[in-house]
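Residue numbers (the UniProt record's numbering), protein chains in the order written: chain A, 1 to 458; chain B, 1 to 458; chain C, 1 to 458.
Cβ coordinates follow ideal geometry from the N, Cα and C atoms, glycine included.
Bear in mind that the values here come from a model prediction, so they are computed numbers and not experimental data.
Data block below; observations after.
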Amino acid sequence: MAGSPSRAAGRRLQLPLLCLFLQGATAVLFAVFVRYNHKTDAALWHRGNYSNADNEFYFRYPSFQDVHAMVFVGFGFLMVFLQRYGFSSVGFTFLLAAFALQWSTLIQGFLHSFHSGHIHVGVESMINADFCAGAVLISLGAVLGKTGPAQLLLMALLEVVLFGINEFVLLHLLGVRDAGGSMTIHTFGAYFGLVLSRVLYRPQLEKSKHRQGSVYHSDLFAMIGTIFLWIFWPSFNSALTALGAGQHRTALNTYYSLAASTLGTFALSALVGEDGRLDMVHIQNAALAGGVVVGTSSEMMLTPFGALAAGFLAGTVSTLGYKFFTPILESKFKVQDTCGVHNLHGMPGVLGALLGVLVAGLATHEAYGDGLESVFPLIAEGQRSATSQAMLQLFGLFVTLMFASVGGGLGGLLLKLPFLDSPPDSQCYEDQVHWQVPGEHEDEAQRPLRVEEADTQA
Amino acid sequence: MAGSPSRAAGRRLQLPLLCLFLQGATAVLFAVFVRYNHKTDAALWHRGNYSNADNEFYFRYPSFQDVHAMVFVGFGFLMVFLQRYGFSSVGFTFLLAAFALQWSTLIQGFLHSFHSGHIHVGVESMINADFCAGAVLISLGAVLGKTGPAQLLLMALLEVVLFGINEFVLLHLLGVRDAGGSMTIHTFGAYFGLVLSRVLYRPQLEKSKHRQGSVYHSDLFAMIGTIFLWIFWPSFNSALTALGAGQHRTALNTYYSLAASTLGTFALSALVGEDGRLDMVHIQNAALAGGVVVGTSSEMMLTPFGALAAGFLAGTVSTLGYKFFTPILESKFKVQDTCGVHNLHGMPGVLGALLGVLVAGLATHEAYGDGLESVFPLIAEGQRSATSQAMLQLFGLFVTLMFASVGGGLGGLLLKLPFLDSPPDSQCYEDQVHWQVPGEHEDEAQRPLRVEEADTQA
Amino acid sequence: MAGSPSRAAGRRLQLPLLCLFLQGATAVLFAVFVRYNHKTDAALWHRGNYSNADNEFYFRYPSFQDVHAMVFVGFGFLMVFLQRYGFSSVGFTFLLAAFALQWSTLIQGFLHSFHSGHIHVGVESMINADFCAGAVLISLGAVLGKTGPAQLLLMALLEVVLFGINEFVLLHLLGVRDAGGSMTIHTFGAYFGLVLSRVLYRPQLEKSKHRQGSVYHSDLFAMIGTIFLWIFWPSFNSALTALGAGQHRTALNTYYSLAASTLGTFALSALVGEDGRLDMVHIQNAALAGGVVVGTSSEMMLTPFGALAAGFLAGTVSTLGYKFFTPILESKFKVQDTCGVHNLHGMPGVLGALLGVLVAGLATHEAYGDGLESVFPLIAEGQRSATSQAMLQLFGLFVTLMFASVGGGLGGLLLKLPFLDSPPDSQCYEDQVHWQVPGEHEDEAQRPLRVEEADTQA
């Protein structure tokens, strides 16, 4: 027996105390710093003498709701594919995202919109906060089932800060364009999570191997996540792009890219599948790579053909990643990537960044006309050439990989703190470690808890 | 054997005949009274020489769709947590809401928008009708599993009328503000249902105790309901608030409140849980209390900090209610509250009303500027002070509790009419009483019907 | 053994090669023909000197997202009711719709918006493409479980072309009105699929009878599809109607029609059900008939009463169809209609077309005022009378039935090509033919593949 009774009591208090502390601290910081912006404040808005129809709410809120559905329904249910980890998948998604969006409102606020001592919030900050929560959930996908909720909250605490700084460096210092976050969200979230998972490597994880797969119904629940992510991704990439043609074009490009990645995924899944049969894991994940791969370029003049080609490429690469690279990642690189975020967010994110380099480098005044101002303001103002924009886009990818790797490493060390509660190797991917779980059938009593205390990690 | 064959035949005709009668009567009343308003009528709209962009449709319809999703997906699936009552939970939600929205269009129309002999309808009446349907579904949560569909339709028939009158008294006679319905929807719906459940108290309900819990998959289905309610709640509270900053601020406040109630719920659930483990019932329900608690105040200048604090308080109170108060409610007060609506809608609704009293009482011309006109028109016009607004808000809560209690009592007496079909004590929470139910597995024949006629109530 | 190893290898390559070919050909055609329209192109939009608020994106995109959710979530999950065909139902919906929307962008583009050698795309083409995908999915419902994915892609390849031509004949040549597609989408999709299913008639299908029903959980998954279709149908019918009052009125009429069809369905289902018990198949499907039946007339001055009456009629007819006509359809007409599309889309579609004839015939300048221009432009311009509009609406129904029947016949012959992979009679409605399927429980090994090669169709 590893833990004395008082130590066990200490462990069970970790999650509640951490929640209370984080929520309390966040609330105090909100009280001091966060204020309505001039589009949400009753007095400021009416002072402006605007027409109500001009309120940004009407241009951004429907997209916000789609993004919100992706973060909470999409990510949450996508990860329910694990047979005995559905409560944790959807529950920890809920917890992490609810914390990350508050914390991110503060961090992004300090970095992006801190004026005269206050952070000003509205629908734009809501979307940005949800984007950051999305990055945290991507990282969650890499460590899902192998970490406790208190560990995950600490991961979010660190990751949101680094996400904000990386985003600030890219968008504000380097003038990089990344509307849908191929770099800032997907690449950052994936490699942060993968490096963190590397640090937490569990050589004895095969003790939980039998719980690592899906069952028939859990795969159907996961498809709820997949489909909601898929349908709303055009809103994700376009939520914060320039109003008018910019937002319209971004949604259109993403729509085409996703359609092509779906066909690419079905083709490759059947091609590499046993007896030509399709693999649900590929369909659930790789079909979404089309959304990731145009995250940077969908606001640009990618052309509909460009969107199809990019999406198709991403779908195929992602499927091949699930089939051939994930096993190598574990055996050679000692990275246990529960949901395959390397295939869905990592590689397609990097591809998306490179596609952004290409399309930015091809930008001309002819192709964009007066719209150049809203896509590449620095080129339009003559401050840089398309080529230097492309070079800076590439540098932005490099910066993102650095921040993600160093951050993931730090995160791993943080989560290894010995007093943090973590499931034992034999109890990974198991809801009963964290939840009171009912049986699977009416007449079945609650399953006995099978957590062997002696086996606890630490 | 309690029922003769002819009586059994009479029972099976109750639901179809009641549906046909209610739909027929509603259709006749629609034919006589309901007309397109000037924003939906082809001739009237074009006579007005408006720009199409001014049509209220574009300001309200996306919010309506979110509310619609909450009513039918959210409420429906939230109640699927019961292991053998999924068909009824989602099906009766569907039936009740489809009836309530028609009936409420008439009742609210007569009370709020009856001009020159006609009710005029458009997106605003659609949202109001869905709100009323929401209140009916809250009451359903208190009696779920213990009532037949004909009984429930009669409940809706009565409740919609009382909902409309209470709403009229509050909003029109007292000038109370209640945009998201902390009082008119949540408090009213909850206490109406709880008193009704008290009147229908079943001392022998433990005969169905084994069916009253969830199974693993039913809890996951319920999380679909939870998450859709959670993500769309900002649209619920803001759907009918003043355009521009009003709608924007309401959505933002609700977003923060929900995030904080989620952290509060996780903290308290783990704190009071056996071995520090989380309870799915709390996460499914109490995390939503943040939406309820700002139903009155989210359109006001609550401040982001105020939203966080209110949400956190609601999440904790609601969780504690599930843990400690629900058992007392049954044992001491003889109220069998199937879904715990007292914890999710009752207490947070009352708290939300009191928060509205507080925030209304603090209203100043400085804080609201010209926006005071759209939030507190009577204060802006100098007809009342902030303090008297606060007093009237408090009186509104009192009126709501009166209407709900008396209405719920009447409803209970109505539903006890001896000829109404009601499941026997041993067959509560059981789909087979009302539905043709397939087995749970491919090779399983349909389960035999286990309804013991002899045991029938009434 | 019917197939040599090389032939088996050939079969398993059908799906991947067809996907790759179709995606490749589509991409090439996109490269040559498809361009951003002036609302999505950076240069063209800004050249126009429009206000961003005027971009069609803000008037149509929220409706598009609702339609998108209906196509992928609604249709996909509605068909998950089959106990062992959930992966295929949601997966093939995903595949077919992702292909059909691309292919339809081309076909509809060539027919409707081909100017100076290019197809111009934007949110309107996205909605139209999703509509066409919807028709393909309706046809899928008739043949679900009895066809392989390569067959289905070929069906879509043909159907999209015929859909586009039929739509062109109706809307452009005949000047028929059909905003929500009672004719062009529902009637066309249903009869195309039914005739196709007739050609593919399998006399030995009872070998798979035991897999043709639902299980408890699969019915709950199907209700996800039902409810999302139901809530978003107002957006479906209104997505492309005239801006302003037109879109507003269409949504409102559809909302009422669906509410009434729900009550009609519950009434009839209980009336004809064994022991008065409700049948989940009716609720899942017939309650939606209210959306189909006002597909043509909801943009017209149908009146709220008219919407209720139409919806109620559709719900009852559809329920009776499931109960009494589906068995006859199979036994007498040799049409095996897996999802009952004749009841949900066929009969209600025809009824909807006839309702459109009636309401168009009653159109007057008084009732529509200046709005007549946007609903019946040819009547407004004096080019035809209301009566001739009604006659042409009726002729449009006739044309649609012709195109659908001939097209479905051709489709059936195409799908019978002997080299196409098709599940054997004993392996219909079985995911394992097409997918790697996990077990249903944690401790269960993957079920052995039970496809008997010897029994393969061809």
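Which residues does DSSP pair with residue i in a beta bridge?
i, result
"I119/B", "V34/B, F114/B"
"D130/B", "Answer is none; D130/B lacks a bridge partner."
"L278/A", "W435/C"
Taking Cβ-Cβ distances shorter than 7 Å, what residues in chain B pair up with residue i?
i, result
"residue 459/C", "Here chain C has residues from 1 to 458 only, and residue 459/C is not among them."
"L126/A", "According to the sequence shown, residue 126/A is Met rather than Leu. Within chain B, the residues near M126/A are L252, Y255."
With the cut-off set at 8 Å, would you say residue i and residue j are in Cβ contact?
i, j, result
"S89/A", "G76/A", "yes"
"Y216/A", "E440/C", "yes"
"R249/A", "Y36/C", "yes"
"L329/C", "V335/C", "yes"
"F33/B", "I119/B", "yes"
"K146/A", "C339/A", "no"
"E159/A", "S139/A", "yes"
"L252/A", "T40/C", "yes"
"T226/A", "Q151/A", "no"
"V399/B", "V169/B", "yes"
"S208/A", "S426/A", "yes"
"A353/B", "V195/B", "no"
"V176/B", "Q23/B", "no"
"A259/B", "I127/B", "no"
"Q432/C", "E274/A", "no"
"P149/C", "L15/C", "yes"
"T319/C", "S269/C", "yes"
"T254/A", "N237/A", "yes"
"A289/C", "F81/C", "no"
Which chain A residues are close to residue i, counting only those with a beta carbon under 7 Å from its beta carbon?
i, result
"A53/C", "A53"
"G273/B", "Q436"
"K39/C", "A245, H248"
Would you mind telling me which residues of chain B sit closer than 9 Å to residue i, beta carbon to beta carbon, in chain order?
i, result
"D431/C", "What D431/C touches in chain B: nothing, since even the nearest Cβ is about 11 Å away."
"G76/A", "M223, I227"
"V73/A", "I224, I227, F228, I231"
Identify the contact partners of residue i in chain C, using a Cβ-Cβ distance below 7 Å as the criterion.
i, result
"G145/B", "Near G145/B there are no residues of chain C at all, since even the closest Cβ is about 16 Å away, more than 7 Å."
"G213/A", "P438"
Residues of chain C with CB closer than 8 Å to the CB of residue i, please, in chain order.
i, result
"P62/A", "Y61, P62, Q65"
In chain A, which residues lie with their C-beta within 9 Å of the C-beta of residue i?
i, result
"H210/C", "Here the premise fails: no neighbours, minimum Cβ distance about 17 Å."
I want to verify the contact list: residues of chain A whose CB lies under 8 Å from the CB of residue i, in sequence order.
i, result
"C19/C", "L263, G264, F266, A267, A270"
Residues, ordered as in the chain, of the stretch 236-253 of chain C that lie near chain B by beta-carbon distance below 7 Å: L243, G244, A245, Q247, H248, R249, A251, L252
Going along the stretch 355-385 of chain C in order, which residues come within less than 7 Å of chain A, judged by CB to CB distance? none
Is the stretch 95-109 of chain B touching the stretch 119-139 of chain B, taking contact as three or more C-beta pairs under 8 Å? yes
Which residues, in order along the stretch 255-271 of chain A, keep a beta-carbon less than 7 Å from a beta-carbon of chain B? none
Cβ-based contacts, 7 Å cut-off: residues of the stretch 80-114 of chain B near chain C: V80, G86, F87, V90, G91, F94, L95, A98, F99, L101, Q102
Residues within the stretch 281-298 of chain A neighbouring chain C, beta-carbon criterion of under 8 Å: I283, A287
Residues of the stretch 215-233 of chain A with a CB closer than 8 Å to any CB of chain B: list them in chain order, please. Hits within the stretch, in order: H217, F221, I224.
Closer than 8 Å, Cβ to Cβ, to anything on chain B: give me those residues from the stretch 299-325 of chain C, in chain order. M301, T303, P304, F305, L308, A309, F312
Counting Cβ pairs closer than 8 Å, one from the stretch 215-233 of chain A and one from the stretch 46-60 of chain A, do we hit at least three? no
Positions along the stretch 116-142 of chain A whose CB lies within less than 7 Å of some CB in chain B: V121, G122, V123, M126
When the Cβ atoms of the stretch 180-199 of chain C are set against those of the stretch 42-49 of chain C, are three or more pairs found closer than 8 Å? no
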